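Residue numbers (my numbering): 15 to 247. The block underneath contains the structure these notes are about, expressed in structure tokens.
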Ligand SMILES: CC(C)(COP(=O)(O)OP(=O)(O)OC[C@H]1O[C@@H](n2cnc3c(N)ncnc32)[C@H](O)[C@@H]1OP(=O)(O)O)[C@@H](O)C(=O)NCCC(=O)NCCS
């Protein structure tokens, strides 16, 4: 399916779609190898991004009248959950942050790049609004496909932090004014992380803490290799 054909199946969702979204999320949760990979939204969370208010929006993909993919955006305003605070943004940038929140694809429809299509469509709609400059999102460090798809869309990993229920999350960011342009790095390092070891004790955690950003990932069984562009020596 081409990008254009894909867009024909994609619609902005409303509150009436809440039961279909909850059902799809339940199917996703049942299919996960580990509950650490995805922090589910409650029906209240979803209703925030399905309403008429300015809190966000949701996109869905329907195939044969069945919801098969979902993604949403939340505008956190100055709420304490704004990821701009985690990334130490200056106060005037906080209201220009848009969160890319939940995204999921039914297991039978994976491998068709729906997540990337939904990334691109959300970004285009956010840009068209003109008010937002920063896309931020959180992803589990071992949600390989999600990380890969986000990096492919030009987001970069900026931070590793314990977030929801104390679970580890990468915080990723894209400055819409910069597009895909990355800063010229003072160094480039590849770091291999063994999924079975403690993340906080890895060189990845240290380098991110020192201000490096991660822009690529590859995987070989339990080993993840991250490419970091750094301020580090
Ligand atoms: C992450 C997710 C949305 C990606 O779905 P997608 O858009 O279909 O992924 P892609 O099209 O990029 O798939 C790339 C490859 O990975 C495979 N793949 C994707 N997700 C997979 C998964 N969770 N488990 C195993 N394989 C998966 C695809 O089959 C495809 O393989 P192929 O290239 O050999 O055909 C989907 O895996 C998902 O819904 N996961 C559960 C919820 C979740 O983690 N959401 C993100 C929270 S941040």
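Idealized CB from N, CA, C, for every residue including glycine. Since we're looking at a predicted model, the values are computed, not measured.
Item: Beta-bridge partners of residue 106, as assigned by DSSP; Value: The partner list for residue 106 (beta bridge, DSSP) is empty, contrary to what the question assumes.
Item: Rounded Cβ spacing between residue 32 and residue 56 (contact assumed at less than 8 Å); Value: At roughly 11 Å, the Cβ-Cβ gap does not stay under 8 Å, so residue 32 and residue 56 are not in contact.
Item: Span of the alpha helix (DSSP H), counted from its first residue to its last, around residue 159; Value: 158-166
Item: Opposing strand residues paired with residue 72 [DSSP bridges]; Value: 86
Item: Where the alpha helix (DSSP H) containing residue 134 begins and where it ends; Value: 128-143
Item: Given 8 Å, three or more beta-carbon pairs between the region 124-142 and the region 99-108; Value: no
Item: Whole-angstrom distance between residue 176 and residue 221, CA atom to CA atom; Value: 16 Å
Item: Helix, strand or coil at residue 246 according to DSSP, with G and I counted as helix; Value: Its pLDDT being 43, under 50, residue 246 is placed unreliably by the model, and the measurement read from it follows with that caveat. The answer is coil: DSSP assigns residue 246 none of H, G, I, E or B.
Item: Element boundaries [alpha helix (DSSP H), containing residue 211]; Value: Segment: none, residue 211 is in no alpha helix (DSSP H) and carries neither H nor E.
Item: From 108, 204, 45, 139, residue whose alpha carbon lies closest to that of residue 26; Value: 139
Item: Cβ-heavy atom distance, residue 117 to ligand 1, below 7 Å; Value: yes
Item: Exposure of residue 157, with buried meaning 16 or more beta-carbon neighbours within 10 Å; Value: buried
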